[in-house]
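End of the sequence shown sits at 291 in the UniProt record's numbering; the numbers just go up one at a time, nothing left out. Cβ atoms here follow ideal geometry from the backbone N, Cα and C, with glycine treated the same way. The structure presented is a predicted model; accordingly, all values stated were derived computationally and were not measured. To keep things clear, I will list the structure first and then write my remarks on it.
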Amino acid sequence: MTPLARPASPASPPRPGPWAWLAALPTALGLALPEACAGCGRWETALCPGCAALLDAPLAEVTSAAAELRVHAVLAYAGPGRALILNWKNGAREDLAPVMAAVGARAGERWAALSGWPGDRRDAGALDPPRLIVVPAPSGIARRARGRLVAASLADAIARAPAPPPGGAGGPGPLIVSADILRRENGRAFRGAHQAGLSAAQRRRNRQPPPRVLADAGGWDALIVDDVVTTGSTLRSCAAALRGAGARPLGALVLAATPPPARTAARLPGPAPAGLPGGGERRRRAAAKRF
Numbered sequence: 001m002t003p004l005a006r007p008a009s010p011a012s013p014p015r016p017g018p019w020a021w022l023a024a025l026p027t028a029l030g031l032a033l034p035e036a037c038a039g040c041g042r043w044e045t046a047l048c049p050g051c052a053a054l055l056d057a058p059l060a061e062v063t064s065a066a067a068e069l070r071v072h073a074v075l076a077y078a079g080p081g082r083a084l085i086l087n088w089k090n091g092a093r094e095d096l097a098p099v100m101a102a103v104g105a106r107a108g109e110r111w112a113a114l115s116g117w118p119g120d121r122r123d124a125g126a127l128d129p130p131r132l133i134v135v136p137a138p139s140g141i142a143r144r145a146r147g148r149l150v151a152a153s154l155a156d157a158i159a160r161a162p163a164p165p166p167g168g169a170g171g172p173g174p175l176i177v178s179a180d181i182l183r184r185e186n187g188r189a190f191r192g193a194h195q196a197g198l199s200a201a202q203r204r205r206n207r208q209p210p211p212r213v214l215a216d217a218g219g220w221d222a223l224i225v226d227d228v229v230t231t232g233s234t235l236r237s238c239a240a241a242l243r244g245a246g247a248r249p250l251g252a253l254v255l256a257a258t259p260p261p262a263r264t265a266a267r268l269p270g271p272a273p274a275g276l277p278g279g280g281e282r283r284r285r286a287a288a289k290r291f
C-alpha cells in the first residue's frame, strides 16, 4: 500500500524587522488623529471651504514683480495660502496634488481669457496653428533629485487646460505643450536652489543670469510658470533666456505672490495679511515705544 503523502506545512510568514513599526506609523497616526486642513489646520477636513475658496480666487496681476512681463497670481503667499503651498511643495500633503492640478488647469484657462491668447489670427497669413509653450522656472539639482518639481507639475496642469478657440473663422486650433527646458547656468544649479532667508537685493543677484534653454523655442509663444514670485528676478531671467532662443514670452503665471508693502497690498488676490508694517500701524508702534 502506498502511504499517503503528508500535506506540506504552510510556510510561516516572514518575521517583521525591528523597524517595521515605522512603516505603519503614518497609518496609525491617521487612525488616532483627525484629518486637518492643509491650509488653516481646521480638524475633520482635508481642505476647508475657506482655504478652497483661496485657491479658486480670480487671477490678479502682480504689477511690482516684473516690469516688462505681465505676472498673474492665484493668491497671496501669506497665512493659510502659504501653508497650502508649503505643504504641497515639500511633500507633507501628497493629497494636495490633484487639488493643485485642478488649480493649475483653472488658472491656465483664466490666463488665456485675460491675455487674449491666441487672439485674432485672420491677418497672420500662416497656416500653422497658434503655438504656446508652457515653461516652468528651473529647479535646483537638489529638488530634482528629490523629484519635487512643483513648477513643472503646475506647468503640466496649465497646459492641460481647455484650449481657447482661435480668432477668426476656420482657423486651426491652438497647440499647447508643457516643456521643462530651462536649466540654471554653472554652479547656480547648486548655489541658487534656495531663496529662503535672502534679502530682496540678494534674491535679485542670486537669479539674475539667464538660464540655459535646452531646446529650440523659435516661433513659439511662451508662458512662464512658477510656484511663488517674490522680486520677479527669476521670471525676468527666464523671459530673457526664452527671447534669446527665439520664443515670445507673453507673461508669467504663478500660484502665489509674496505680499508687497501695505500701500500696494490691494494688488494681490485674497485678504491682506495682518501685521504688515505700514502707515498707521508703523505710527502706532513708534508711539508705543515712546511710552
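- If you look at ARG248, you'll find it in the beta strand (DSSP E) that goes 248-257.
- Contact between the segment 47-57 and the segment 212-230 is absent: fewer than 3 CB-CB pairs across the two stretches fall below 8 angstroms.
- Between the segment 110-118 and the segment 130-141 there are three or more C-beta pairs closer than 8 angstroms, enough to call the two in contact.
- Separation of ARG160 and ILE176 (C-alpha to C-alpha, rounded to the nearest whole angstrom) is 8 angstroms.
- No residue range can be given for ASP128, since it is assigned to no alpha helix (DSSP H) and is classified by DSSP as neither H nor E.
- Nearest to ILE181 by alpha-carbon distance, out of ARG212, LYS89, LEU86 and TRP88, is ARG212.
- A Cβ-Cβ distance of about 7 angstroms is found for the pair PRO118 and PRO164, placing them in contact under the 8 angstroms criterion.
- Taking C-beta atoms as the reference points, LEU75 and ASN87 fail to come closer than 8 angstroms.
- Excluding its 5 nearest sequence neighbours in each direction, LEU242 has C-beta neighbours in its own chain below 7 angstroms: VAL135, VAL213, ALA217, ALA222 and PRO249, listed in chain order.
- DSSP places VAL177 inside the beta strand (DSSP E), whose first and last residues are 175-178.
- Excluding its 5 nearest sequence neighbours in each direction, ILE158 has C-beta neighbours in its own chain below 8 angstroms: GLY104, ALA105, ALA107, GLY108, TRP111, VAL134, SER178, LEU223, VAL225 and LEU253, listed in chain order.
- It is roughly 5 angstroms from the alpha-carbon of GLY39 to the alpha-carbon of LEU84.
- Residue burial annotation: PRO162 is exposed, with fewer than 16 other C-beta atoms found within 10 angstroms of its C-beta.
- Between GLY116 and the set ARG70, ARG82 and MET100, the nearest pair of CA atoms involves ARG70.
- For ALA57 and GLY81, the gap between their C-alpha atoms comes out near 11 angstroms.
- DSSP, read as helix, strand or coil, puts ILE181 in coil.
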